[in-house]
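In the numbering used here, the protein residues as written are 12 to 236.
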């Protein structure tokens, strides 16, 4: 279960388990995580949980939200990330993912980092990439084929429930495996990724075999068996 450990000057003041799809953080008493300090906005940020993934989004706060020292608007949190709000530090821990679990495939300088074996709730990861009893998800095989750049021709299998692809800060999309197939949605970055030439928004869009994706100037094709 993901959790947030809130501390100031090295002293832990509270620990909060993330159990809801949406957890709010701010100075006002109606927030799920209340930090009573003037440096914190009334409604400062929100944590959105999707499966085992947690996204942090700043709600146009006065002093901003930082992750590992970098100002963010919306970001997928990694295990052991430190969220900074004013003088407060909030450690994000996701024990299910483990410290070495890499959630993001980054495409830059022609290098593609393939996703690791899937991790599913209540189920072990199969060595060949097949999820056992993964919430009823159909055993459909799909890959992302890189068409442009130095990595052209590389194929990355979509073996996780959620695979995030792209270039952080420029264009990042999340491809989610669902019982009926795969969907893609924009996660972060000012340059929205495109699907068959049309910009992708935050609402998930169903992927079909042969669909063309473009993220951060890299063209890719969704291939489903």
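Just so it is clear, CB atoms sit at the ideal spot from N, CA and C, and this is done for glycine as well.
Just so it is clear, the structure is predicted and the values come from calculations on it, not from any experiment.
Item, Value
"Could you tell me the distance, in whole angstroms, from the CA atom of residue 196 to the CA atom of residue 230?", "16 Å"
"So, helix, strand or coil for residue 12, using DSSP?", "coil"
"Sorted by chain position, which residues of the same chain lie with C-beta nearer than 6 Å to residue 101's C-beta, five sequence neighbours on each side aside?", "15, 17 and 94"
"For the beta strand (DSSP E) that residue 95 lies in, which residues bound it at each end?", "93 to 96"
"For residue 45 and residue 57, I'd like the C-alpha separation in whole angstroms.", "12 Å"
"Out of 219, 227 and 60, state which residue places its alpha-carbon closest to the alpha-carbon of residue 207.", "219"
"Consider the Cβ of residue 166: report whether some Cβ of chain D lies at a distance smaller than 8 Å.", "Here there is only one protein chain, and chain D is not present."
"My output table needs one value for residue 30: the three-state DSSP class, helix, strand or coil.", "coil"
"Alpha carbon to alpha carbon, what distance is there between residue 225 and residue 162?", "14 Å"
"Assess, as a yes-or-no matter, whether the stretch 154 to 172 is touched by the stretch 46 to 55 under the definition of 3 or more beta carbon pairs within less than 8 Å.", "no"
"Checking the sheet assignment: what are the DSSP bridge partners for residue 203?", "DSSP, once it has assigned bridges, lists no residue as partnering residue 203."
"Tell me which residue opens and which closes the beta strand (DSSP E) that residue 235 is part of.", "229 to 235"
"What are the boundary residues of the beta strand (DSSP E) that includes residue 4?", "Residue 4 lies beyond the stretch modelled for the chain, which goes from 12 to 236, so this question has no answer here."
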